[in-house]
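Numbering (our numbering), first residue to last: 24 to 574. Think of the CB as a built atom: it goes at the ideal place given N, C-alpha and C, for glycine as much as any other residue. Take a look at the structure below.
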Amino acid sequence: LPDALSSTHGIWMQRTNQGGGSPFIRGLTGYQTLLLIDGVRFNNTTFRSGPNQYLNTIDPLMIDRIEIVRGQGSVQYGSDAIGGVIQMMSHTPKFSSDEVSLNGYVYGKYLSHNMEKTGRLNLEVGMKNSAISIGTTVKNFGDVVAGGELGKLNETGYKEYSLDFKLVQKVGKNQLFTATYQRLKQEEVPLYHKLVTGEYATYNFDPQQRDLGYVKWEIFSDKKWMKQIRITQSFQQSLEGREKQKSNSIEIREETDKVSTLGSVVEIISKPSNFWSISSGLEYYYDKVKSAAISYEEGSSTVNQLRGLYPNNSSSGNFAVYSLHSFTKNKFNFSLGGRYNFYELKVADATFGQTSITPSALVGNAGVTYKVNSNFHFVGSAGTGFRAPNVNDVSSFGIADFRYETPNFDLKPEKSLNYEIGLKSKFDRFSSNIYFYRNNLTNLITNVRSTFNGQSTIDGIQVYKRTNIGKAVIKGIECDLEYLIGENIMARANLNYTQGENSDSNEPMRRIPPMYGNVGISWQVRPEWKINGIWSYAGTQDRLSSGDIDD
């Protein structure tokens with residue numbers, strides 16, 4: 024999936040291994056950007072800050088389209104959306120007008136130097152009132168091989184298996200029922216940056232697994248206050264196992280984190296008048312964390328039970344109510360929305376004690392579009408956002424990246440205030456958009472050096488804990504254009520520039536991408552044949568924070 028997103032306007036991908044990657048939207052990534060699958064929250068309470076691998080547990084071959092909201096998404100989608108939102112919509116089978124229809128396809132991919140072998144089989148059955156699709160994918164990634172004489176990244180390959188199923192059923196004349204199940208499992212995924220230094224002989228994610236099942240009931244009517252009602256009940260489970268063994272050591276450590284998430288969402292679409300439309304909803308998500316660890320020596324039958332990365336049986340509940348309104352008047356379109364979120368996070372730790380954190384947030388946004396004429400539209404918006412501290416923030420205890428993290432139960436939500444203005448233009452053969460944005464971030468949760476039992480290091484690794492000390496400003500410009508060269512030939516280009524400044528430390532913000540963009544051309548040779556060419560570029564990023572330099 025990171026491959027599919029890497030050339031998308033407004034997305035910068037951090038890449039580590041084959042198929043893996045973490046998306047940056049307007050300078051933010053990790054748990055500061057929200058991922059959704061068919062409207063179901065993908066982020067859970069153990070998502071980490073900075074780049075993570077979770078996007079890689081979604082099979083791109085089951086995805087029909089990807090929708091991206093840059094900058095503002097907290098009012099509609101809730102916590103974590105302070106950078107933006109990426110929603111992935113899975114393929115929906117089609118009904119058949121008369122007879123039963125059977126469709127399918129076989130997909131194959133091969134990369135030289137044994138870098139990738141992928142195969143997929145997909146079948147779809149369509150009937151007048153029912154439609155079913157089922158697909159399965161097998162991938163075998165080898166080590167990344169660079170061009171020329173640059174060599175190979177040893178220990179970057181792994182295996183992956185996925186399965187997806189969807190049933191769509193018409194119920195009467197105005198109801199639709201959908202049932203979906205998805206599973207993806209990866210085995211022996213090496214953590215490259217831990218292995219390349221030689222510190223570890225083994226450091227694998229085994230398994231990395233995601234399961235998602237949901238049922239959705241949609242009701243359509245002519246009632247202006249309830250044009251559409253959508254009720255979704257979901258269950259999602261994330262299983263992450265880690266196997267570690269340091270070089271020149273006989274001790275093996277195995278860690279397991281399992282997060283089970285129940286979700287209930289009710290959405291109501293209203294159209295009180297021709298110029299007023301409303302989208303309102305209720306949401307509730309509940310995460311339960313099972314975390315454990317063991318250690319043993321090679322050849323020994325003695326197993327030591329240890330604390331996991333998180334306290335076992337930690338939980339978080341997330342309740343929200345929201346309403347978004349759109350008004351059209353002459354040349355103006357106004358949007359206005361609000362959301363109230365309440366969280367309850369519970370942690371019971373044998374070492375650090377028990378705590379309950381109950382943050383809440385009220386966020387809103389307002390926007391306006393002014394249609395100068397059929398060719399030019401001015402747009403502007405302002406909105407607030409937030410990210411509630413999760414179990415990973417509050418209770419992580421152990422080695423993460425190059426740090427030894429210790430818990431901190433006294434954390435507050437991160438907050439954002441985002442502004443943007445833009446100009447959109449469209450002509451017969453040419454269209455373009457340009458946006459200027461600014462995001463003021465406060466209460467940022469940042470790792471700071473700390474001590475544990477009076478010691479600043481554990482096993483030679485610096486001790487850190489997370490604290491609300493950060494203030495930052497992220498600002499930038501995004502522009503894109505399209506030009507129809509000929510009847511079937513389209514040229515495209517985009518440019519993105521982001522600058523981040525940490526107000527507390529008076530230095531550049533961490534992990535801000537360089538100026539980057541794409542130039543491409545698309546030729547529709549025939550209805551069934553299309554040729555695309557794309558050139559991606561990135562400038563030098565020399566505005567580095569002290570943390571970037573440490574990395």
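Reference residue i, options the options, closest by Cα
i, options, result
"residue 286", "243, 275, 314, 239", "239"
"residue 209", "187, 195, 233", "233"
"residue 264", "63, 281, 325, 328", "281"
"residue 35", "365, 521, 140, 551", "521"
"residue 181", "490, 140, 457", "140"
"residue 28", "164, 109, 145, 243", "109"
"residue 158", "146, 445, 151", "146"
"residue 441", "407, 170, 414", "407"
"residue 651", "430, 404, 448", "What is shown of the chain runs 24 to 574, which leaves residue 651 out entirely."
"residue 63", "502, 306, 173", "306"
"residue 456", "512, 349, 429, 517", "517"
"residue 288", "266, 552, 166, 61", "61"
"residue 429", "375, 552, 401", "375"
"residue 57", "275, 462, 78", "78"
"residue 279", "552, 488, 312", "312"
"residue 519", "510, 336, 504", "504"
"residue 222", "325, 562, 484, 317", "484"
"residue 335", "225, 69, 227", "69"
C-alpha distance - residue i paired with residue j, whole-angstrom precision
i, j, result
"residue 542", "residue 25", "19 angstroms"
"residue 450", "residue 87", "28 angstroms"
"residue 332", "residue 423", "9 angstroms"
"residue 235", "residue 482", "38 angstroms"
"residue 387", "residue 124", "47 angstroms"
"residue 193", "residue 116", "12 angstroms"
"residue 471", "residue 396", "52 angstroms"
"residue 538", "residue 242", "46 angstroms"
"residue 293", "residue 249", "5 angstroms"
"residue 259", "residue 283", "6 angstroms"
"residue 30", "residue 515", "11 angstroms"
"residue 106", "residue 121", "46 angstroms"
"residue 104", "residue 445", "21 angstroms"
"residue 496", "residue 47", "16 angstroms"
"residue 544", "residue 76", "31 angstroms"
"residue 89", "residue 59", "10 angstroms"
"residue 190", "residue 154", "6 angstroms"
"residue 38", "residue 246", "48 angstroms"
"residue 508", "residue 33", "24 angstroms"
"residue 377", "residue 128", "53 angstroms"
"residue 400", "residue 392", "7 angstroms"
"residue 170", "residue 40", "16 angstroms"
"residue 172", "residue 460", "41 angstroms"
"residue 328", "residue 409", "37 angstroms"
"residue 166", "residue 176", "6 angstroms"
"residue 316", "residue 487", "21 angstroms"
C-beta atoms of residue i and residue j nearer than 8 angstroms
i, j, result
"residue 394", "residue 352", "no"
"residue 494", "residue 465", "yes"
"residue 49", "residue 499", "yes"
"residue 360", "residue 309", "no"
"residue 432", "residue 492", "no"
"residue 557", "residue 548", "no"
"residue 53", "residue 72", "yes"
"residue 415", "residue 384", "no"
"residue 102", "residue 411", "yes"
"residue 501", "residue 560", "no"
"residue 261", "residue 67", "yes"
"residue 300", "residue 291", "no"
"residue 149", "residue 130", "no"
"residue 436", "residue 382", "yes"
Presumed contact (8 angstroms Cβ cut-off) between residue i and residue j, rounded CB distance
i, j, result
"residue 161", "residue 136", "Wrong, their Cβ atoms sit about 19 angstroms apart, outside the cutoff."
"residue 218", "residue 277", "17 angstroms between Cβ atoms; not a contact."
"residue 579", "residue 113", "Any property of residue 579 remains undetermined from this structure, which presents the chain solely from 24 to 574."
"residue 244", "residue 297", "So it is not a contact: roughly 17 angstroms between Cβ atoms."
"residue 463", "residue 439", "7 angstroms"
"residue 349", "residue 358", "5 angstroms"
"residue 229", "residue 274", "Not quite, the Cβ-Cβ distance comes to about 17 angstroms (not below 8 angstroms), so this is no contact."
"residue 434", "residue 489", "7 angstroms"
"residue 523", "residue 535", "4 angstroms"
Worksheet item: How about the region 176-194 and the region 79-98: do they share at least three Cβ pairs that are nearer than 8 angstroms?
Response: yes
Item to complete: Inspect the CB distances between the region 529-542 and the region 558-570 and report whether three or more fall short of 8 angstroms.
Response: yes
Worksheet item: If you pair each beta-carbon of the region 317-329 with each one of the region 353-369, do three or more pairs fall below 8 angstroms?
Response: no
Practice prompt. Spell out a yes or no on whether the region 474-492 and the region 412-427 are touching, meaning 3 or more CB-CB pairs, one atom from each, closer than 8 angstroms.
Written response: yes
Worksheet item: Does the pairing of the region 268-276 with the region 245-255 give three or more beta-carbon distances under 8 angstroms?
Response: no
Worksheet entry | Meets three-Cβ-pair contact criterion under 8 angstroms: the region 130-144 and the region 95-105 | no
Worksheet item: Any contact of the region 213-225 with the region 196-204, i.e. 3+ C-beta pairs under 8 angstroms?
Response: no
Worksheet item: So, do the region 425-432 and the region 340-350 have three or more beta carbon pairs nearer to each other than 8 angstroms?
Response: no
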